[in-house]
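J.: So in this note's numbering, spot 13 of the sequence shown is number 13, and the numbers just go up one at a time.
Idealized CB from N, CA, C, for every residue including glycine.
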Amino acid sequence: MRHYFVVMLENAEEIAALQRLLDLSHARATSHLRNIVHAGRTLTAEDLAGLLTGMKVLSVATVTAAGEPRISALDGHFLHATWTFSTSGTSAKARHLERRPAVSVAHIDGEELAVFSHGRAEELGPADDDWKEILEHWTAHYDSSPMSWGRDVRMYRLRPHWMVGYAADRMEVLTRRGIVP
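#1: Starting from the C-beta of residue 179, find all residues in its chain whose C-beta is less than 7 Å away, skip the five residues before and the five after it, and write them out in chain order.
#2: If we ignore side chains and look at the alpha-carbon of each, how far apart do residue 45 and residue 91 end up?
#3: Which residues mark the beginning and the end of the beta strand (DSSP E) in which residue 185 is found?
#4: By a C-beta neighbour count over all protein chains shown, 10 Å radius and 16 as the cutoff for buried, is residue 40 buried or exposed?
#5: Could you check which residue in 32, 58, 42 has the C-alpha nearest to that of residue 23?
#6: Are the Cβ atoms of residue 162 and residue 96 separated by less than 7 Å?
#7: Decide yes or no for the touch test of the segment 20-39 against the segment 140-151: beta carbon pairs closer than 8 Å, at least 3 of them.
#8: First and last residue of the beta strand (DSSP E) that includes residue 122?
#9: Would a C-beta distance cut-off of 7 Å place residue 80 and residue 9 closer than the cut-off?
#10: Figure out for me which residue from 82, 126, 89, 88 has the closest Cα to the Cα of residue 105.
#11: For residue 50, which of helix, strand or coil comes out of DSSP?
#12: Given this structure, state the Cα-to-Cα distance separating residue 153 from residue 135, to the nearest angstrom.
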């Protein structure tokens, strides 16, 4: 049984840092993107923290040694203003991330909501300060620890250097999903 939480884990400092990243990313975006993601369609850091609770399906793109792109779908959890995700250590994705941690991550919910990110995947483990909290969050959601899912489960955090959030109609999406802007 899956548990769905509507709890934002982001603190004020994390929200402020995410908002700075969103603003800088939007300012550096192409005119094409800014023509699509404009006033009324741009999601704020607070919007994202509220909308991205629970598990979200991510499209995670890596690159092979030959420079060829690869994309796959993974479970993602938006925790402390960034994505966490996992995969098997035996997967091609894990090999790509180990050698070339640059990654693009997108969550697209139909035509009404999308979050696009570029950055570096950072492998997580017991030495990380927030490891326990991340593992507890994932375990509560799935009723089992992700570390019990196989012999070599790898957990990652996205360290984004670019991120844009989009809603076809920001106010309508927020209102319908119970988020008070």
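T.: Based on what the coordinates show:
#1: Closer than 7 Å at the Cβ level, and outside the excluded window around residue 179, lie 47, 50, 51.
#2: Approximately 32 Å, taken between the alpha carbons.
#3: As shown, the chain starts at 1 and ends at 181. That puts residue 185 outside it, with no answer to give.
#4: Here residue 40 is exposed: its Cβ has fewer than 16 other Cβ atoms, across all protein chains shown, within 10 Å.
#5: When each option's Cα is compared against that of residue 23, the closest is 42.
#6: Going by beta carbons, residue 162 and residue 96 fall outside the 7 Å limit.
#7: The segment 20-39 vs the segment 140-151: no contact.
#8: Residue 122 -> beta strand (DSSP E) spans 113-124.
#9: Yes, Cβ-Cβ distance for residue 80 and residue 9 is below 7 Å.
#10: When each option's Cα is compared against that of residue 105, the closest is 82.
#11: DSSP places residue 50 within a helical segment (H, G or I) once states are collapsed to three.
#12: If I take the Cα positions, the gap works out to 12 Å.
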